[in-house]
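Chains as they are written, first to last, in the working numbering: chain R, 5 to 76; chain D, 29 to 684. We put the CB at the ideal spot given by N, CA and C, even for glycine. Owing to the predicted nature of the structure, the values given are computational and were not obtained by experimental measurement. For reference, the structure discussed in these notes is given below.
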């Protein structure tokens, strides 16, 4: 399942990140690691970027970046 | 600046140097403030454009220490220019900033993520201690943290810092002295894997095993900060998000212009008075005239914008510290990305409406080089405040006093047009040069909303404004001095003769009687063939040349070339408008300021990069003469061509 296909505030554990290696590395560094619970908590008025909540913080991700996040 | 505390040279014990490092929003500036008691300044290191804060710890905290505040780092992988500098210092690759120890600033409410970054720092082998901040936010996320246990788990000294009072700073200094004299043999962070998944797992295991964190509110799941979530629901709301954004921006601009106005008037008349007095007291020698009109008025040209710059930086720092600026960048990321820009281009573009110079400097936070250059490229189009007096004069010449409301509407239109056209140019340039749409990342943390803290905001405002004065001030003063020389010396008269009647005039860049023979006039007359298509003569040309010092100098130059004596400003403005309306081009007898030529001038000022200080800052920030030169020529030629075609087009349709 892809995180971007889920409705807001639905929490799931991250399965893996499926995107360009270097970019995913940055997301991992930010704390978006497999096993962590993540949810979309807000969508910007124009539909992009999305705000995800992870490890007690909020991170704004472009839809393209968020689409790499696969959840269980 | 360098650490020279050699263990061997104990006889002369040099002061040790430490650096503050951490992720963005970790509270480094607040800590810097408590450690040094605001006694710090911005230091520039050769070879790097990023300026760092540097200061000495308060004497009351024991033996003093040099402290350098490094820019916050999100990730050491593919860093922005600011992040890169911090990483260089951390890994010991920076040849000038070589600290004896580090303070890792860790946000207690974001402990896992911040410890992950700390492990990167710990691997570099330098002594360090952890300063734990933001414990006040823990309550909001339903947690409490035991500092003792954290220290045991990490085998690293952890010093809690009270985020409001800065209490704990003295302990931090003591811990630093201790760690430098007896470095730790081992700690739990240095052995952490570079691989993020494993590193995060070990961090959580360490925290769990030592029971560092206790949940105080079992109802609160997933450590969500409910206050921040509630505010974001409005601020990023589908319908309310943009209206709130525009209200915030309107308030910001309104205060920049309205609150600053009385201060600007005061500074303006202060420098005029100083210049008058200098002439009166020291006599009319060439040197005194140079001092009064070239130098003092040049300093005045810089100082007059200082109130706007201070207010802009104050409000932006306030928005940044409260957490709103990151939301603003999120809102506009989508439209900006379509143009090849980045959400982080938003802050520089906003600053550009006050002055392009701090705006260009603010682009350092944009991670991708392409997007940073593109942002720098369009910044000169933002309608900066130096254009305002020029537009005011030209629009007053265009509309009679009784319909001045029309001028107001046109001015508003100019501001929107500058946003629209800069977007258009950004879009075109990014399509032409970069071809493919940029695939850069946003991945921007939205910090928890907090009540802003005044002391660090006041400090940051002051240091950012000071950087502007230093970077912009020098060039403007030098250029206005050169322009004064050009306007007052010429091949015909090696030395300007000053008739006694002139000395009672308002001092300005030039005095008319010498102007006809000056170098500036010669340049203006040489340029007349290319000025005539714009519908103006060499006198306006002199104004356009002097406007390269700063755009608003155009107004004072106009007052001098059209020779308007007058004691008070209003009479002078009225007199100037009358003179301008009746002025004719000597070559063909047509009036200089017609509807067409004034519109042409507005268009010229809209596009043209009439600001050598911007040129200087762009050169420094991009480290490239060619980018700065191409930009200068591009906008100036574009402005000229558009002005000429507008004037000719209007004339062809019967509007003179």
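How long is the line joining the alpha carbons of residue 339 (chain D) and residue 374 (chain D), rounded to whole angstroms? 18 Å
Just to confirm my understanding: we take residue 178 (chain D), look at its own chain, exclude 5 residues before and 5 after, and list those with CB closer than 7 Å. What are they? 186, 240
Against chain R, with Cβ distances strictly below 8 Å, would residue 361 (chain D) count as a contact? yes
Taking the straight line between their C-alpha atoms, what separation do you get for residue 386 (chain D) and residue 72 (chain R)? 36 Å
Could you have a look at residue 332 (chain D) and say whether DSSP puts it in helix, strand or coil? coil
Output needed for residue 320 (chain D): all residues of its chain with C-beta closer than 6 Å, excluding positions within five of it in sequence on either side, in chain order. 303, 306, 307, 535
So, does the CB of residue 169 (chain D) fall closer than 8 Å to a CB anywhere in chain R? yes
Using a 10 Å radius around the Cβ and a threshold of 16 neighbouring Cβ atoms, would you call residue 193 (chain D) buried or exposed? exposed
Just the Cα atoms here: how many angstroms apart are residue 546 (chain D) and residue 566 (chain D)? 12 Å
Proximal residues of chain D, C-beta to C-beta of residue 32 (chain R) below 7 Å: 224, 225
The ligand FAD and residue 565 (chain D): does any heavy atom of the ligand fall closer than 7 Å to the residue's C-beta? Here there are no bound small molecules, and the ligand FAD is not part of this structure.
Under 7 Å, CB to CB, which of the residues in the segment 60–72 of chain R have a partner in chain D? 60, 61, 62, 63, 64, 65, 66, 69
Short of 7 Å in beta carbon distance, which residues of its chain neighbour residue 38 (chain R), apart from the five on each side in sequence? Order them along the chain. 18, 19, 20
Check the Cβ-Cβ distances between residue 75 (chain D) and every residue of chain R, and say whether any is below 8 Å. Per-residue confidence for residue 75 (chain D) stands at a pLDDT of 43, beneath the threshold of 50, marking its modelled position as unreliable; no derived number is given.
Contact with chain R by residue 162 (chain D), beta-carbon distance below 8 Å: no
Among all the DSSP beta bridges, which residues are the ones paired with residue 130 (chain D)? D:47, D:156
Out of D:63, D:103, D:94, D:80, point me to the one whose CA is closest to residue 471 (chain D)'s CA. D:103
Within the segment 331–412 of chain D, note down every full alpha helix (DSSP H) run reaching 4 residues or more, in order along the chain. 334–350, 352–366, 374–380, 384–389, 397–406
Leaving out five residues on either side along the sequence, give the residues of the same chain with a beta carbon under 8 Å from the beta carbon of residue 443 (chain D). 381, 411
Check whether the segment 47–62 of chain D and the segment 40–55 of chain R are in contact - that is, three or more C-beta pairs closer than 8 Å. no
Do residue 49 (chain D) and residue 114 (chain D) have their CB atoms nearer than 8 Å? yes
If you measure from the beta carbon of residue 26 (chain R) to each beta carbon in chain D, is any gap under 8 Å? yes
Alpha carbon of residue 582 (chain D) to alpha carbon of residue 422 (chain D), nearest angstrom: 11 Å
Is the Cβ of residue 39 (chain D) closer than 8 Å to any Cβ of chain R? With a pLDDT of 38 at residue 39 (chain D), under the threshold of 50, the modelled position of that residue is not reliable, and the figure given next carries that caveat. It does not; no Cβ of chain R falls within 8 Å.
Among D:225, D:632, D:356, D:350, the one whose alpha carbon lies nearest that of residue 275 (chain D): D:356
Test item: CB-CB of residue 473 (chain D) and residue 63 (chain R) under 8 Å: yes
Distance check for residue 467 (chain D) and residue 568 (chain D), CA to CA, integer angstroms please. 46 Å
Determine whether the beta carbon atoms of residue 322 (chain D) and residue 513 (chain D) lie at a separation below 8 Å. yes
Where does the unbroken beta strand (DSSP E) through residue 469 (chain D) begin, and where does it stop? Neither: residue 469 (chain D) is in no beta strand (DSSP E) and is coded neither H nor E.
Give every residue of the same chain whose Cβ lies closer than 7 Å to the Cβ of residue 683 (chain D), excluding the five residues on either side of it in the sequence, and list them in chain order. 623, 624
So is residue 111 (chain D) in contact with chain R if we call contact Cβ pairs under 8 Å? no
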